[in-house]
Amino acid sequence: SPSRKWPLDKTEYKRYGRQLIMPEIGLQGQLCLKEASVLIVGVGGLGCPAAAYLVGSGVGTVGLIDGDIVEESNLHRQVLHSTASVGMSKVDSARVALNSLNPNVRLVAHPSRLTSESAISILQDYDVVLDCTDTPASRYLISDACVLLGKPLVSASALRTDGQLMVLNYPPRPVGDPSGGPCYRCVFPKPPPAESVVSCGDGGILGPVVGVMGVLQALEAIKLLTRQTNEVFRHVEPKPADPPTLLIFSAYSNPMFRSIRLRNRRQKCAACSAQSSVTPEALKSGSLDYVQFCGTISPINAL
Amino acid sequence: SPSRKWPLDKTEYKRYGRQLIMPEIGLQGQLCLKEASVLIVGVGGLGCPAAAYLVGSGVGTVGLIDGDIVEESNLHRQVLHSTASVGMSKVDSARVALNSLNPNVRLVAHPSRLTSESAISILQDYDVVLDCTDTPASRYLISDACVLLGKPLVSASALRTDGQLMVLNYPPRPVGDPSGGPCYRCVFPKPPPAESVVSCGDGGILGPVVGVMGVLQALEAIKLLTRQTNEVFRHVEPKPADPPTLLIFSAYSNPMFRSIRLRNRRQKCAACSAQSSVTPEALKSGSLDYVQFCGTISPINAL
Amino acid sequence: MATDDTIPITVEFSGGLELLFANQRKLTLSIPTYNENRTRSNIAFLVQHLCDNLMKDPRKDMFVLDGTVRPGILVLINEADWELEGEEKYEIQKGDNILFVSTLHGG
Amino acid sequence: MATDDTIPITVEFSGGLELLFANQRKLTLSIPTYNENRTRSNIAFLVQHLCDNLMKDPRKDMFVLDGTVRPGILVLINEADWELEGEEKYEIQKGDNILFVSTLHGG
Ligand SMILES: [Zn+2]
Ligand SMILES: [Zn+2]
Chain A
243 SPSRKWPLDK TEYKRYGRQL IMPEIGLQGQ LCLKEASVLI VGVGGLGCPA AAYLVGSGVG
303 TVGLIDGDIV EESNLHRQVL HSTASVGMSK VDSARVALNS LNPNVRLVAH PSRLTSESAI
363 SILQDYDVVL DCTDTPASRY LISDACVLLG KPLVSASALR TDGQLMVLNY PPRPVGDPSG
423 GPCYRCVFPK PPPAESVVSC GDGGILGPVV GVMGVLQALE AIKLLTRQTN EVFRHVEPKP
483 ADPPTLLIFS AYSNPMFRSI RLRNRRQKCA ACSAQSSVTP EALKSGSLDY VQFCGTISPI
543 NAL
Chain B
243 SPSRKWPLDK TEYKRYGRQL IMPEIGLQGQ LCLKEASVLI VGVGGLGCPA AAYLVGSGVG
303 TVGLIDGDIV EESNLHRQVL HSTASVGMSK VDSARVALNS LNPNVRLVAH PSRLTSESAI
363 SILQDYDVVL DCTDTPASRY LISDACVLLG KPLVSASALR TDGQLMVLNY PPRPVGDPSG
423 GPCYRCVFPK PPPAESVVSC GDGGILGPVV GVMGVLQALE AIKLLTRQTN EVFRHVEPKP
483 ADPPTLLIFS AYSNPMFRSI RLRNRRQKCA ACSAQSSVTP EALKSGSLDY VQFCGTISPI
543 NAL
Chain C
970 MATDDTIPIT VEFSGGLELL FANQRKLTLS IPTYNENRTR SNIAFLVQHL CDNLMKDPRK
1030 DMFVLDGTVR PGILVLINEA DWELEGEEKY EIQKGDNILF VSTLHGG
Chain D
970 MATDDTIPIT VEFSGGLELL FANQRKLTLS IPTYNENRTR SNIAFLVQHL CDNLMKDPRK
1030 DMFVLDGTVR PGILVLINEA DWELEGEEKY EIQKGDNILF VSTLHGG
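Spelled out as structure tokens, the structure:
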């Protein structure tokens, strides 16, 4: 059939040409991207650059979830939005910009906050999830849902002059299989005391700091989605997944970047171990109260 | 006077609030940014994200120089441009996007290629220069002009899965002063053989790879422009400038980032030493032929 | 074999913890090789030592809670998660680099 | 003092040079401690050794030109520019990490 012979159309060969000629991507990698779907949870300082580069690269479907509206104080770092979109929902604002960058990508809008009740049904349609949110509660929720659904999770965060990046639950083996990658709870079994948690609103954030972390999330997602290509089509020996790593960024340190080797899955992890207490039912019923689990505190007392 | 009391206007306090509350920036740092001018040479894969974050941060004047027009094959990584701007000049396309992100920034358009004859007169109006170009010839030219004018240079490059970043000529001491930072010629006294030079067009480039490097250029420029703030207003001891460093990025290596300590100024550097042969007159007269210095080769023979 | 009284090490803070230590990101210090119980100094000892002697912020529970590093702080021994090295019981060696990282949640 | 015949080192390639070495970014190898002139092996020796024995690409001048590493390649010894260490004359030590980086020009 003609679609077999020319699996991409002419404009796609042109648009993605600079990726297509790279052995790490190639035609097979581009097809993997085209068939893939990525969910970006949070369309702020991390989600904006992550979405731009994923949409640019030709990922077939990109989902955007965020319940916030664009504010003027977002614009120094949330570079997909514009002054004219202040007051608009972040998801709608991003959709306009992303569609004008690459109309070939199907954008799915979820203009509301991710909840424990909705997490499973929203995340299950995607291949990879990017955590671009800004609270401990959402980080535990997204990780738990990814573990239950067997989805790899690219998690980043930033504050002031620092950033952090981890690829979690990768490889995404079943709950109870110790050879899977660690989840967020493996690394942080207990939430931090609420009074130690500082948001970007309270602590401040330098735009390029969160920007770098968001772009790196897009990169890690592209690497995950095209990994198979490398092994199957380039006749490269299937390497084991990179060991779990935390990338630490600190804009005013020298060196600016450090890679830290993380632990494997935790034997008694509440989410991914054989002793897991986090179940799809508990999540859907709302019996796991993430906000309460993480506690709350008035911003004035925060560090 | 009222302008003394409220050095920024109300919308600026709102827009830059998340930077203003950081001790590394603060009100004084924001004023430094507002009074500063940055020239971005090349509005492609590096220049697009660099410009977005610099304009977002409120740098007073941002100059854009590029002689190319937007092509469809740029869009996977040059995320300021859009499908509708294919065929438009890159400078004009970027100007539209940047103006809608932050109308407070004065954008200066130079819609032509930087030449040896024009370099001095264009660069002299700016405080910091970003090299976001893609040929050895332009890299030597920009570095020479920065040395002659005493401007710090934030230089980045990317190809396939790799990227590199250096802050050059910083501190920007006079020609012949060995305590200044090294220039591009100190690090690379001779150009590479032309047949070893590969462009992104020929070798390919992964979008987020060049994106990360561009965002880091914006960060380094912001750090340079607000450095004084830290020393003068935070009563922090004036630290010596960071030693000259090459940041190497490799998307498929572990660790992805490495920082390499570079040499100081070269005693016999053709540009920045007491034995310099590069003069403003030679540059302006066009007697330094950078293209010939770097050689040319048909793309088919390139590595 | 080793009769030295103190062990020179580097301690680093990241992710905002430096604010608890007078905004210092990197400390070079020496700790006693053996602590009062005549056992070799381990991470548990170091944490208490930092809290008692070097922490400037009065909010001790931002660093130590229930006798150990508070939740949300990763302890990294020579660039690896301390859980790979024996956690609190890891006996500190000459030249070790101990990094305390607070998780960030902003985005 | 040292009577070992060979020195174990790590050699890395970046910026496209790995393509000249069968797409290997990192090699662990041992080189003779002394070369034929009974002098200790230095970087000049290593470069020739790599070119003669490990480079797969026939275009030798992509790596070596006029008897030394071609222009546009940085040589980094244990994370520092070789110019800080004595360039070609640096005598290789056990466990050294030698990184060859080709400059990139794309943007
Ligand atoms: Zn787990
Ligand atoms: Zn120089």
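If you read the sequences in order, they're chains A, B, C and D.
Each residue of the first sequence is one higher than the one before, counting from 243 in this note's numbering.
Each residue of the second sequence is one higher than the one before, counting from 243 in this note's numbering.
Each residue of the third sequence is one higher than the one before, counting from 970 in this note's numbering.
Each residue of the fourth sequence is one higher than the one before, counting from 970 in this note's numbering.
C-beta atoms are modelled at their ideal positions from N, C-alpha and C, and glycine is treated no differently.
Item, Value
"Inter-residue spacing [alpha-carbon to alpha-carbon] between P1027/D and S501/B", "31 angstroms"
"3 or more residues per run - each beta strand (DSSP E) lying fully within the segment 1016 to 1069 of chain C", "1042 to 1046"
"Q1062/D versus T997/D - alpha carbon distance", "14 angstroms"
"Distance, F1014/C Cα to V1038/C Cα", "11 angstroms"
"Between the CA atoms of S315/B and L986/D - distance to the nearest angstrom", "26 angstroms"
"Closer than 8 angstroms to chain A by CB, G259/B", "yes"
"With 16 other Cβ atoms within 10 Å as the buried cut-off, status of E1005/C", "exposed"
"Status (buried if at least 16 other CB within 10 Å, exposed otherwise) for D319/B", "Just to set this straight, residue 319/B is Arg in the shown sequence, not Asp. Its Cβ being crowded by 16 or more others within 10 Å, R319/B is buried."
"Partner residues on chain A for I447/B, Cβ-Cβ distance less than 9 angstroms", "R260, Q261, M264"
"Same chain, Cβ closer than 7 angstroms to L452/A, five either side skipped, listed in chain order", "According to the sequence shown, residue 452/A is Val rather than Leu. G287, L288, R319, A400, G405."
"Which residues DSSP lists as bridging K995/C, in chain order", "E981/C"
"Amino acids of chain A, ordered along the chain, whose beta-carbon sits closer than 7 angstroms to that of G298/B", "L317, H318, R319, V321, G449"
"Contacting residues, own chain, Cβ-Cβ under 6 angstroms from D386/B (five flanking each side not counted)", "A513, V520"
"Residues in the segment 382 to 403 of chain B having any Cβ partner in chain D nearer than 8 angstroms", "A398, S399, A400, L401, R402"
"Of the listed residues V283/B, V371/B, S492/B, Y382/B, nearest to A336/B (C-alpha basis)", "V283/B"
"Positions along the segment 990 to 1023 of chain D whose CB lies within less than 9 angstroms of some CB in chain B", "R994, K995"
"Ordered list of alpha helix (DSSP H) runs contained in the segment 297 to 344 of chain B, each at least 4 residues", "332 to 343"
"Closer than 7 angstroms: P424/A CB and nearest ligand 1 heavy atom", "yes"
"Heavy atom of ligand 1 within 7 angstroms of R427/A beta-carbon", "yes"
"Beta carbon of E1052/D nearer than 8 angstroms to that of R505/B", "yes"
"Bounding residues of the beta strand (DSSP E) (the contiguous stretch that carries D386/A)", "No beta strand (DSSP E) holds D386/A; the alpha helix (DSSP H) holding it covers 378 to 391."
"Contacts of P1040/D in chain B (Cβ-Cβ under 8 angstroms)", "F430, P431, K432, P433, P434, P435"
"Bridge partners - I1000/C, DSSP secondary structure assignment", "I976/C"
"Interface flag, Q534/A vs chain C, CB-CB below 8 angstroms", "no"
"Contact test: C388/A Cβ vs ligand 1 heavy atom, cutoff 7 angstroms", "no"
"Neighbour-count burial assignment, N411/A, 16 or more Cβ in a 10 Å radius", "buried"
"Check whether V371/B and L395/B have beta carbons under 8 angstroms apart", "yes"
"Minimum Cβ-Cβ distance from T357/B to chain D less than 8 angstroms", "no"
"Short CB-CB distance (under 8 angstroms) between G305/B and chain D", "no"
"Any chain B beta carbon closer than 8 angstroms to E1052/D", "yes"
"P522/A versus L390/A - alpha carbon distance", "7 angstroms"
"Identity of the residue in L489/B, G271/B, S327/B, V280/B nearest D1045/D by Cα", "The amino acid occupying residue 1045/D in the given sequence is Leu; Asp does not appear at that position. Measuring from the Cα of L1045/D, the nearest candidate turns out to be L489/B."
"S529/A in three-state terms, based on DSSP", "coil"
"Span separating the alpha-carbon of L273/B from that of P249/B", "8 angstroms"
"CA-to-CA distance, N496/B to D441/B, given in whole angstroms", "Going by the sequence as given, residue 441/B is Ser instead of Asp. Rounded to the nearest angstrom, the two C-alpha atoms are 25 angstroms apart."
"Residues that D1030/D contacts on chain B, provided the C-beta gap is smaller than 9 angstroms", "P435, E437, S438"
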